[in-house]
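To start, the structure itself, in C-alpha coordinates.
Residue numbers (the UniProt record's numbering): 1 to 166.
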(Lines of atoms letter the chains of each structure in order from A and count residues from 1; the text may use other names and numbers.)
(Lines give C-alpha, C1' and ligand atoms only; values in the text may rest on other atoms or scores of the structure.)
Protein backbone atom coordinates (compact mmCIF):
# COMPACT_ATOMS: atom_id res chain seq x y z
CA UNK A 1 0.00 0.00 0.00
CA UNK A 2 1.51 3.30 -0.96
CA UNK A 3 2.13 5.84 1.70
CA UNK A 4 0.26 9.02 1.37
CA UNK A 5 2.27 12.12 1.45
CA UNK A 6 1.19 14.51 4.12
CA UNK A 7 0.62 17.97 3.00
CA UNK A 8 2.84 20.21 4.95
CA UNK A 9 2.06 23.82 5.36
CA UNK A 10 4.65 25.84 3.57
CA UNK A 11 5.30 29.21 5.16
CA UNK A 12 4.37 32.07 2.98
CA UNK A 13 6.97 34.72 2.57
CA UNK A 14 6.30 37.68 4.83
CA UNK A 15 5.49 40.98 3.35
CA UNK A 16 8.29 43.46 3.48
CA UNK A 17 7.88 45.91 6.34
CA UNK A 18 7.33 49.51 5.50
CA UNK A 19 9.65 50.43 8.37
CA UNK A 20 13.34 50.12 7.89
CA UNK A 21 15.14 47.65 10.16
CA UNK A 22 16.36 49.28 13.37
CA UNK A 23 19.93 50.32 13.24
CA UNK A 24 22.18 48.85 15.84
CA UNK A 25 23.76 51.62 17.84
CA UNK A 26 27.50 51.54 18.10
CA UNK A 27 29.05 51.02 21.54
CA UNK A 28 29.05 54.19 23.61
CA UNK A 29 30.95 54.49 26.89
CA UNK A 30 28.64 57.35 27.86
CA UNK A 31 25.54 55.13 27.54
CA UNK A 32 27.29 52.36 29.46
CA UNK A 33 28.18 54.68 32.35
CA UNK A 34 24.64 56.07 32.40
CA UNK A 35 23.19 52.54 32.54
CA UNK A 36 25.54 51.53 35.35
CA UNK A 37 24.64 54.66 37.34
CA UNK A 38 20.93 53.97 36.93
CA UNK A 39 21.42 50.36 38.08
CA UNK A 40 23.45 51.48 41.10
CA UNK A 41 20.79 54.03 42.04
CA UNK A 42 18.04 51.43 41.76
CA UNK A 43 19.96 49.00 43.98
CA UNK A 44 21.17 51.64 46.46
CA UNK A 45 17.73 52.70 47.64
CA UNK A 46 16.63 49.26 48.94
CA UNK A 47 20.11 48.63 50.35
CA UNK A 48 20.06 51.90 52.30
CA UNK A 49 16.55 51.20 53.56
CA UNK A 50 17.55 47.71 54.69
CA UNK A 51 20.66 49.03 56.46
CA UNK A 52 18.61 51.68 58.27
CA UNK A 53 15.99 49.12 59.34
CA UNK A 54 18.69 46.76 60.61
CA UNK A 55 20.37 49.55 62.60
CA UNK A 56 17.07 50.61 64.15
CA UNK A 57 16.25 47.00 65.04
CA UNK A 58 19.63 46.65 66.78
CA UNK A 59 19.08 49.90 68.70
CA UNK A 60 15.58 48.93 69.78
CA UNK A 61 16.76 45.55 71.04
CA UNK A 62 20.01 46.79 72.65
CA UNK A 63 19.48 45.98 76.32
CA UNK A 64 23.02 46.99 77.34
CA UNK A 65 21.68 50.47 78.20
CA UNK A 66 20.01 49.10 81.34
CA UNK A 67 21.80 50.45 84.42
CA UNK A 68 23.80 53.01 82.44
CA UNK A 69 22.45 56.05 84.32
CA UNK A 70 19.02 56.55 82.77
CA UNK A 71 15.67 54.83 83.34
CA UNK A 72 14.77 52.19 80.75
CA UNK A 73 11.48 50.52 79.85
CA UNK A 74 11.78 47.10 78.19
CA UNK A 75 8.81 45.56 76.43
CA UNK A 76 8.88 41.78 76.13
CA UNK A 77 7.54 41.37 72.62
CA UNK A 78 6.70 38.60 70.18
CA UNK A 79 6.26 39.28 66.45
CA UNK A 80 2.67 38.84 65.31
CA UNK A 81 1.30 39.16 68.84
CA UNK A 82 -1.77 41.43 68.82
CA UNK A 83 -1.63 42.32 72.52
CA UNK A 84 2.11 43.08 72.15
CA UNK A 85 1.30 45.56 69.37
CA UNK A 86 -1.49 47.13 71.46
CA UNK A 87 0.85 47.47 74.43
CA UNK A 88 3.50 49.05 72.20
CA UNK A 89 0.95 51.60 70.92
CA UNK A 90 -0.10 52.52 74.47
CA UNK A 91 3.55 52.71 75.56
CA UNK A 92 4.51 54.99 72.68
CA UNK A 93 1.46 57.18 73.31
CA UNK A 94 2.40 57.59 76.99
CA UNK A 95 6.05 58.18 76.10
CA UNK A 96 5.11 60.91 73.59
CA UNK A 97 3.39 62.89 76.37
CA UNK A 98 6.56 63.14 78.46
CA UNK A 99 8.69 66.27 78.51
CA UNK A 100 11.89 64.26 78.88
CA UNK A 101 13.08 61.36 76.73
CA UNK A 102 12.55 57.87 78.12
CA UNK A 103 14.56 54.97 76.72
CA UNK A 104 12.33 52.21 75.35
CA UNK A 105 13.72 48.84 74.29
CA UNK A 106 12.12 45.61 73.08
CA UNK A 107 13.13 42.08 74.01
CA UNK A 108 11.90 39.86 71.19
CA UNK A 109 11.18 36.46 72.73
CA UNK A 110 11.57 34.87 69.31
CA UNK A 111 15.31 35.65 69.62
CA UNK A 112 17.83 34.05 71.95
CA UNK A 113 18.59 37.31 73.76
CA UNK A 114 14.92 38.14 74.20
CA UNK A 115 14.13 34.68 75.61
CA UNK A 116 17.10 34.97 77.96
CA UNK A 117 15.83 38.36 79.18
CA UNK A 118 12.26 37.05 79.68
CA UNK A 119 13.53 34.01 81.60
CA UNK A 120 15.85 36.10 83.77
CA UNK A 121 12.99 38.35 84.91
CA UNK A 122 10.28 35.67 84.92
CA UNK A 123 8.07 37.43 82.40
CA UNK A 124 6.38 36.57 79.12
CA UNK A 125 5.12 38.51 76.12
CA UNK A 126 2.98 41.64 76.47
CA UNK A 127 4.96 42.74 79.50
CA UNK A 128 6.81 45.93 80.40
CA UNK A 129 9.77 45.83 82.78
CA UNK A 130 10.63 49.25 84.21
CA UNK A 131 14.24 49.81 85.31
CA UNK A 132 15.59 52.77 87.26
CA UNK A 133 18.85 54.52 86.37
CA UNK A 134 20.87 51.94 88.37
CA UNK A 135 19.30 49.01 86.50
CA UNK A 136 17.04 47.89 89.35
CA UNK A 137 13.55 46.63 88.48
CA UNK A 138 11.05 49.20 89.72
CA UNK A 139 7.86 47.69 88.32
CA UNK A 140 6.53 45.02 85.98
CA UNK A 141 3.36 45.66 83.96
CA UNK A 142 1.66 42.60 82.47
CA UNK A 143 -0.83 42.78 79.60
CA UNK A 144 -2.14 45.81 77.76
CA UNK A 145 -2.03 48.87 80.02
CA UNK A 146 -3.74 52.20 79.27
CA UNK A 147 -1.54 55.09 78.16
CA UNK A 148 -2.70 57.28 81.09
CA UNK A 149 -1.54 54.71 83.64
CA UNK A 150 1.75 54.22 81.81
CA UNK A 151 2.33 57.96 81.62
CA UNK A 152 2.02 58.23 85.41
CA UNK A 153 4.36 55.25 85.88
CA UNK A 154 6.92 56.73 83.47
CA UNK A 155 6.86 60.08 85.26
CA UNK A 156 7.46 58.32 88.58
CA UNK A 157 10.24 56.25 86.99
CA UNK A 158 11.97 59.42 85.81
CA UNK A 159 11.68 60.94 89.29
CA UNK A 160 9.60 63.84 88.05
CA UNK A 161 6.67 65.32 89.97
CA UNK A 162 3.31 64.05 88.77
CA UNK A 163 1.21 66.65 86.95
CA UNK A 164 -2.03 67.64 88.64
CA UNK A 165 -5.14 66.47 86.81
CA UNK A 166 -8.02 68.93 86.69
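A virtual CB, placed ideally from N, CA and C, is assigned to each residue, including glycine. Since the structure is predicted, the reported quantities are computational estimates derived from the model, not experimental observations.
Query - Assigned secondary structure, residue 32 (DSSP; H/G/I helix, E/B strand, else coil) - result: Helix, per DSSP.
Report task. Return the Cβ separation of residue 109 and residue 89 in integer angstroms, given the expectation that the two are a contact with Cβ distance under 8 Å. Result -> In fact, because the Cβ distance is near 19 Å, the residues do not count as touching under 8 Å.
Query raised in the report: Do you know how far the Cα of residue 34 is from the Cα of residue 151?
Result: For the pair residue 151 and residue 34, the Cα-to-Cα distance works out to about 54 Å.
Query raised in the report: Apart from the five residues just before and just after residue 139, which ones in its own chain have a Cβ nearer than 7 Å to its Cβ?
Result: Leaving aside the five residues that flank residue 139 on each side, the residues in its chain whose CB is nearer than 7 Å to its CB run, in chain order, 130, 153.
Query - Selected residue, minimal CA-CA separation from residue 63, among 106, 82, 112, 126 - result: Restricting attention to 106, 82, 112, 126, the CA atom closest to the CA of residue 63 is found in 106.
Query raised in the report: With distances taken from CA atoms, which of 19, 75, 125 is nearest residue 103?
Result: Ranking 19, 75, 125 by Cα distance to residue 103 puts 75 first.
Requested in this report: Please report the residue range of the beta strand (DSSP E) in which residue 131 lies.
Outcome: Residue range 127-131 is occupied by the beta strand (DSSP E) that includes residue 131.
Query raised in the report: Which term fits residue 112, buried or exposed, when burial requires 16 or more other beta carbons within 10 angstroms of its beta carbon?
Result: That one is exposed.
Requested in this report: Put residue 140 into one of helix, strand or coil per three-state DSSP.
Outcome: The three-state reading of DSSP puts residue 140 in strand, counting E and B together.
Query raised in the report: In angstroms, rounded to a whole number, what distance separates the CA positions of residue 41 and residue 30?
Result: So the alpha carbons of these two residues sit roughly 17 Å apart.
Query raised in the report: Do you know how far the Cα of residue 19 is from the Cα of residue 57?
Result: Annotation note: pLDDT 49 at residue 57 (below 50); position unreliable, no value reported.
Query - Span of the beta strand (DSSP E), counted from its first residue to its last, around residue 23 - result: Annotation: residue 23 is outside any beta strand (DSSP E) and is labelled neither H nor E by DSSP.
Query - Same chain, Cβ closer than 6 Å to residue 114, five either side skipped, listed in chain order - result: Excluding residues within five positions, the ones whose Cβ falls inside 6 Å are 107, 108.
Query raised in the report: Hey, residue 87 and residue 144 are a contact pair by Cβ (cut 8 Å); roughly how many whole angstroms apart?
Result: Yes, they are in contact, since the Cβ atoms of residue 87 and residue 144 sit about 5 Å apart, within 8 Å.
Query raised in the report: Which partner residues does residue 72 have in the DSSP bridge list?
Result: Under DSSP, the beta-bridge partners assigned to residue 72 are 103, 131.
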